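Residue numbers (the working numbering): 5 to 82.
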Amino acid sequence: MNPIVEFCISNMAKGGDYVYNQLENDPEVDVLEYGCLQNCGLCSSGLYALVNGDIVEGESPDDLLQNIYAHIEETWIF
């Protein structure tokens, strides 16, 4: 079982699509896209994704990608 990273389609339009595509190429991560993740305030203010249900944010797409991998490393039980 792999860690699950979920994206809101509206947030992907702000740069999250780059992160989504990078993670989609990683066989160790399962990536899902939803129409809405019910975090509209967070979504409107910046980049974020849900990693195994936890909110992970980033200032830029590269920062978000780095923070996602860091969160997985810190919390995932292999």
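Every residue, glycine too, gets a C-beta built ideally from N, C-alpha and C.
The model shown is predicted, which means the values in this text are computed figures rather than measured ones.
Cβ-based neighbour list, Ile13, same chain, cut-off 8 Å, excluding 5 preceding and 5 following: Closer than 8 Å at the Cβ level, and outside the excluded window around Ile13, lie Glu37, Tyr38, Gly39 and Cys40.
Alpha carbon to alpha carbon, how far is Glu78 from Ala17? Give it in angstroms, no decimals. Cα to Cα, the separation comes out at about 28 Å.
What alpha helix (DSSP H) runs, 4 residues minimum, are completely inside the region 7-55? With a minimum length of 4 residues, the continuous alpha helix (DSSP H) runs that stay inside the region 7-55 are 21-28 and 44-49.
With burial defined as no fewer than 16 other Cβ atoms inside 10 Å of the residue's Cβ, what is the status of Asn71: buried or exposed? Result: buried.
I need the straight-line Cα distance from Phe11 to Ile76, nearest angstrom please. Between the C-alpha atoms of Phe11 and Ile76 there is a straight-line separation of about 15 Å.
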